[in-house]
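Chains as they are written, first to last, in my numbering: chain A, 123 to 393; chain B, 123 to 393; chain C, 123 to 393; chain D, 123 to 393; chain E, 123 to 393; chain F, 123 to 393.
All C-beta atoms, glycine included, are put in the ideal place defined by N, C-alpha and C.
Number of protein chains: 6
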Amino acid sequence: MSAPITAAAPSSDALVLASIANSIGTITLNNSTRRNALSEVLLDQVIAALDDFKTKEVRVVILRAFEGATVWSAGHDIKELPQANQDPLGYSDPLERALRAVRAFPAPVIAMVHGSVWGGAFDLVASCDMIIADETCSFAITPANLGLPYNTTGLMHFLGRLPINLVKELFFTAAPIKGNDAYKWGIVNHLVPSAELEAFTTDFATKITKKAPLAISVAKEQLRILTDYQPIAAQIFEQLQEMRRTVYDSKDYTEGIQAFLQKRPAVFTGK
Amino acid sequence: MSAPITAAAPSSDALVLASIANSIGTITLNNSTRRNALSEVLLDQVIAALDDFKTKEVRVVILRAFEGATVWSAGHDIKELPQANQDPLGYSDPLERALRAVRAFPAPVIAMVHGSVWGGAFDLVASCDMIIADETCSFAITPANLGLPYNTTGLMHFLGRLPINLVKELFFTAAPIKGNDAYKWGIVNHLVPSAELEAFTTDFATKITKKAPLAISVAKEQLRILTDYQPIAAQIFEQLQEMRRTVYDSKDYTEGIQAFLQKRPAVFTGK
Amino acid sequence: MSAPITAAAPSSDALVLASIANSIGTITLNNSTRRNALSEVLLDQVIAALDDFKTKEVRVVILRAFEGATVWSAGHDIKELPQANQDPLGYSDPLERALRAVRAFPAPVIAMVHGSVWGGAFDLVASCDMIIADETCSFAITPANLGLPYNTTGLMHFLGRLPINLVKELFFTAAPIKGNDAYKWGIVNHLVPSAELEAFTTDFATKITKKAPLAISVAKEQLRILTDYQPIAAQIFEQLQEMRRTVYDSKDYTEGIQAFLQKRPAVFTGK
Amino acid sequence: MSAPITAAAPSSDALVLASIANSIGTITLNNSTRRNALSEVLLDQVIAALDDFKTKEVRVVILRAFEGATVWSAGHDIKELPQANQDPLGYSDPLERALRAVRAFPAPVIAMVHGSVWGGAFDLVASCDMIIADETCSFAITPANLGLPYNTTGLMHFLGRLPINLVKELFFTAAPIKGNDAYKWGIVNHLVPSAELEAFTTDFATKITKKAPLAISVAKEQLRILTDYQPIAAQIFEQLQEMRRTVYDSKDYTEGIQAFLQKRPAVFTGK
Amino acid sequence: MSAPITAAAPSSDALVLASIANSIGTITLNNSTRRNALSEVLLDQVIAALDDFKTKEVRVVILRAFEGATVWSAGHDIKELPQANQDPLGYSDPLERALRAVRAFPAPVIAMVHGSVWGGAFDLVASCDMIIADETCSFAITPANLGLPYNTTGLMHFLGRLPINLVKELFFTAAPIKGNDAYKWGIVNHLVPSAELEAFTTDFATKITKKAPLAISVAKEQLRILTDYQPIAAQIFEQLQEMRRTVYDSKDYTEGIQAFLQKRPAVFTGK
Amino acid sequence: MSAPITAAAPSSDALVLASIANSIGTITLNNSTRRNALSEVLLDQVIAALDDFKTKEVRVVILRAFEGATVWSAGHDIKELPQANQDPLGYSDPLERALRAVRAFPAPVIAMVHGSVWGGAFDLVASCDMIIADETCSFAITPANLGLPYNTTGLMHFLGRLPINLVKELFFTAAPIKGNDAYKWGIVNHLVPSAELEAFTTDFATKITKKAPLAISVAKEQLRILTDYQPIAAQIFEQLQEMRRTVYDSKDYTEGIQAFLQKRPAVFTGK
Ligand code: NI
Ligand code: NI
Ligand code: NI
């Protein structure tokens, strides 16, 4: 899909690399064999890195893929999804926990994106405070490929960032949106040439480290509350939950998961 | 638990009897062998009767047990509850559908209660607009006996009627509350002697039939909205749903259901 | 319905008397010929008295009927209700304005009730912060007699004070609730003998004048917000508003108003 | 305003044409004499077509004007608006019912837009899940031309799609927004040349038919709830409703309707 | 005020005693010299005991005063309140933290009350799930004595338990409500003779220990959400906060605190 | 930063000039010595002008800086901010009052922007209904430079206009956004050449004066309610308020204010 930035693939055993420099914490998704799929192990390492950064009073976090990745992340590790009859996006699902860790982190988290971002990984970068990307970036929301019922707060993560008609296009088509369009629609804060991505992002993050951290932290938290805690009528929520259950109990859900694992197109029947 | 009002038990095959007189529809729970357990069949007959009453512009409904019942209703038909790993109180559960049918019925529904009211049957009478009972009445909320996670709207049905500390006592002890206390706490609108229960209720209903039906209907609907649609922050709702799932996936839930069916005390471990 | 407290009926022309003594403002409904019906003129005088009390930093208000009144107030002046096709309880309706003036008054307002309280007058005393009454008191909500669709905030005034099943009984039967029951259900804070009503109320009010007025004022305002501003889903509100419109556009509404004015029983058809 | 796509005007008597091919339902507004004004008859045919599509498990709907239309739709049929003293956008108004039918349809609805879209028709296409348009498109919200108070949920349809300052410009100026600007602001998902509009839209829709219909359906419903059911404080809603009533009871409302019907500029006085 | 239950006053240095027996944790407020005033030290010991109980899977907690106490607790330690210009009931205030610890404790907490309960201690027992008391009990809310602006969630703790007119009487008069009235109004779940209080409470708690702990825990949490997280319009909340600030910045607040510490009546001016 | 539009600086003593022509009211910020800093005096003059315009039934307001200003407004008058321990953005703060006056003004308010807009002035123009600007414009949100905790409704003013990731960038970097980007992101409705700004704005405003004022007024009010009154869970609001307090009580806040007044870079420590 794009030329590798560097030839060298990462060699470490860890799925995630974490480092701190100049009050900037960097988390690197580093699992090239699985294309940075968001497995429970990888996500727990992300969460652990954030926890560590918190104690060290890091002022900004950059979340990135290893150098040379053409897929920023392949998204949810489909093999870990329940095969049927269980909510695939429950509150304590590893991805959900990671999203909350990013959203509640008391300093800005910047997603630095080179390459394609799939499914749950789009929710992850959308849960970052800002996205800086290069021209190779693309973003897709894939539940419509899998027959998977998305959770309501997950949908809210997109509603706050994008006009609702674009959210719908992304969910209903599962088609990737490419760099320029992602920038036009505001998914991406800054679109910079590949060669400048890292320097631009570091410079951008450095400027934030000079600003007042407490004022930033409380503003981030206020915005989180305003977007994640939007109230919904109780009876309607229970109705939505039942609708979601009929989806993850359906044949289509099983078919979607199976087809993905067998690398063939799914055939959906609406049952 | 109480002396039978009349010696004659009902003989019909139907689990529910429905009749209309003087614009008053009467639904009689009529399954003495199962102590009016709220099985799907019985509840669908209740719903069907309400649907029929709606087309016939009944002005008040009386919901009662057959004459002589000492148990008004034994509550949820435990045999029909999922044994594990599925929400026992999903939105389309028969009891939930029946509660909504009563709550959304466009005219007042009066529960006339002689005898004991257990578990889901308490939610049913609490979903009626008013309760008229005699001294034999008692009411118990039994999820704490079964290890069953109640649904949020179900809890709201009680919160609107009772002080929260009483709601908690009822849920946490599963102990029945008897006539005078039920009246003191306002569960029951009127407590009348057994011998007068039927006449009092009919007279009470008759008075309502003279009143303006449209004004009553819209007030009932407004109150339903104000109580059933209370908004809750989306993320918190998903957290509650996950907590509920851990309960219906627990060993205690299985133990509670098994113990009930085997008529032995449950032994709970909190796992 | 009750023995007159004093033989002398009030002779003044004003529909409302207002006076201040010891930081206690007293508003006396004083229109015996119309049984203190809540006409626009009378209500504007109530509002004016409250406005005046506010500038004079009155610490408690007592709202009462003239001495000897057996009807505390007959409620909405039915002659002033729209005959058809217009919301009879719009936001700027005089009664609604008076209710808001009482609820937003920055000090406690005590309703002192001797005699019967009808319809909109019940909403008025329920909008007072506390009710002190004697054994002659009774309270009725009468829209079901008139075919009048109540407004949603009006229903909320009762929901916050009473269990929902009692609210429904009051609305669906339009029957008066008498002294002891009113006390049992908590409509009335204190039920005292007629002969002591005035002294008890004055003493009660005097104690409040010694307390911290700012702390009281902000607590009252917080409680007002918590009860009057309960959020409702926008689409559902519009649906309720349409339901209400079909009621005030109905034949029954016209019949209800006409029957009342002609002092005959209404015959409702549900159309 | 633009060259006709085809010379042939439609000849059928029906105001709306409906057809299904390859799981795509197409609804064609087909009333050239009235410029596809949204009369009750036309809207009921739209609703009927949607109902029919639902039973036939159509996977996507395309809503379009007849070929060659330069006006996609002229909007609300002004002749059917109440002349005065009644809410012109009540919950059961035909347009409101049609908007809800589109919004609640259990599969995506795509508006394919060639030509100008006026007033209520803008609300109709904004209620579609996505809009695909060509360079001839324009969109205007016209209540400020008519003196008509818009309903709150109607405003919410635009708030979710557009920045609030643009919503205000559209409402306050009633000026049409043209193709490129509509695309820039995200009103339109895709702007394609006229000659390609139909093929592009069909291709776009076809891709959706391959995706998992249940997952799409529940996501659409969740987004509908999140946008249509936003809670508002009850007392404030009643205040807004009263403000709206003063508008539709005003001289300006009558003037606006009359001027439109008489094809002359309205002269507003703010009374 | 009442005869001591036992002659022996507690001798331990700890302000709070904690013990576990038969899955029942008991926390005893044990500071007779300060009449169990809710100082930061005492409250932190309560919180610590709850934390410990949580790890030990206690199934019920009893919160009580030491034997022989005639004052269950004197409430907030006034000496620890800010003298001026700072919110005396901020979110991290020790009492607020203790209230949240009780409310969020994953098993029922029963307040066992002998003697008088003042101010913040009333909020503490109202935050317990149930109250069991004897005839010596009394309860008072005292901010109107101090000129202290209560916090909004604190008011909500009372609104969910009591009719609003009683909440207002309690706040506006600061007068204690005694045993029978407390029982009548539902503040107290059970009113039992002093001699039986301990046995009754232990027996009551023991029954709960046999019930399903997970079902109880999730119901308690659901009820907490429904009561503590009621949504309020953001702008109105900021307005309330400002009103509260004017109160704690007022002369009356300083006077109220000073008068209390000097054991003299406060003289309030409303400034 | 931009060429002066006219050489002549304003000479009047008034900080604000107000005039009306053709139903258009114009408010000119006119304090060149203080770069139109939003001091209490200046803001009270803005509010007074709006009050005056309201009585004169102005149909549109234009809010602008004096001709030749290169800084549209420098924002909050930092000298007037509390130095510590008090909410710098309380509900009755002059800027807050001015924002509400603009937002609640019953006709559209257009910000005409030439030059740079800083801090609170950005909130002021964002609270205007529409912004028309020229290529010299820039906008910055500066609390992260000052260590100042923004208020929740203030954040909401931006959330409704911009994608959340841009809101975060603006808050977290405090960097100015320039003309083209401001237009791209929808901050600005129209970006026109400097030479045409005044004529374009006047023409735009004039068109609005021809439209129906009541319909516009109610739509503006509905949109205000939908954006300013978004509900938030009470307990969470109190938590946010406490977080904000820790910020304005912090050393960083004092440092931020001092550094600004001393025209040196602040050194923040997160304490
Ligand atoms: Ni590449
Ligand atoms: Ni054309
Ligand atoms: Ni004692």
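Assigned secondary structure, residue i (DSSP; H/G/I helix, E/B strand, else coil)
{"i": "residue 298(D)", "result": "coil"}
{"i": "residue 185(E)", "result": "strand"}
{"i": "residue 390(D)", "result": "coil"}
{"i": "residue 127(A)", "result": "Only weak support is given to the placement of residue 127(A): the predicted model assigns it a pLDDT of 33, under 50, and the value that follows is read from those uncertain coordinates. Residue 127(A): coil per DSSP, three-state reduction."}
{"i": "residue 340(E)", "result": "helix"}
{"i": "residue 269(B)", "result": "coil"}
{"i": "residue 192(E)", "result": "coil"}
{"i": "residue 263(A)", "result": "coil"}
{"i": "residue 282(F)", "result": "coil"}
{"i": "residue 151(C)", "result": "strand"}
{"i": "residue 140(E)", "result": "strand"}
{"i": "residue 256(D)", "result": "strand"}
{"i": "residue 288(F)", "result": "helix"}
{"i": "residue 231(D)", "result": "strand"}
{"i": "residue 319(B)", "result": "helix"}
{"i": "residue 353(A)", "result": "strand"}
Residue i vs residue j beta-carbon contact at 9 angstroms
{"i": "residue 182(C)", "j": "residue 299(C)", "result": "no"}
{"i": "residue 229(F)", "j": "residue 338(F)", "result": "yes"}
{"i": "residue 194(A)", "j": "residue 158(A)", "result": "yes"}
{"i": "residue 367(E)", "j": "residue 273(E)", "result": "no"}
{"i": "residue 264(D)", "j": "residue 192(D)", "result": "no"}
{"i": "residue 352(B)", "j": "residue 356(A)", "result": "yes"}
{"i": "residue 184(B)", "j": "residue 147(B)", "result": "yes"}
{"i": "residue 255(A)", "j": "residue 160(A)", "result": "no"}
{"i": "residue 348(D)", "j": "residue 270(A)", "result": "no"}
{"i": "residue 369(A)", "j": "residue 340(D)", "result": "yes"}
{"i": "residue 232(C)", "j": "residue 327(C)", "result": "yes"}
{"i": "residue 151(E)", "j": "residue 188(E)", "result": "yes"}
Within chain I, the residues that residue i reaches when beta carbons sit closer than 7 angstroms
{"i": "residue 349(A)", "result": "In the structure shown, chain I cannot be found, because the protein chains are A, B, C, D, E and F."}
Spatially closest choice to residue i from the options, by CA coordinates
{"i": "residue 198(B)", "options": "391(B), 162(B) and 233(B)", "result": "162(B)"}
{"i": "residue 180(E)", "options": "237(E), 384(E), 318(E) and 142(E)", "result": "142(E)"}
{"i": "residue 205(A)", "options": "389(A), 380(A) and 323(A)", "result": "380(A)"}
{"i": "residue 253(D)", "options": "216(D), 262(D), 210(D) and 304(D)", "result": "304(D)"}
{"i": "residue 302(A)", "options": "362(A), 243(A) and 315(A)", "result": "315(A)"}
{"i": "residue 342(E)", "options": "389(B), 241(B) and 292(B)", "result": "292(B)"}
Cβ-heavy atom distance, residue i to ligand 5, below 8 angstroms
{"i": "residue 382(F)", "result": "Ligand 5 is not among the ligands present in this structure, which contains only ligand 1, ligand 2 and ligand 3."}
CB-CB length for residue i against residue j, believed under 8 angstroms
{"i": "residue 393(A)", "j": "residue 374(A)", "result": "6 angstroms"}
{"i": "residue 236(F)", "j": "residue 319(F)", "result": "6 angstroms"}
Stretch-stretch touch, CB-based, cutoff 8 angstroms, three pairs: the segment 233-249 of chain D with the segment 303-311 of chain A: Put simply, the segment 233-249 of chain D does not touch the segment 303-311 of chain A. Fewer than three CB pairs are less than 8 angstroms apart.
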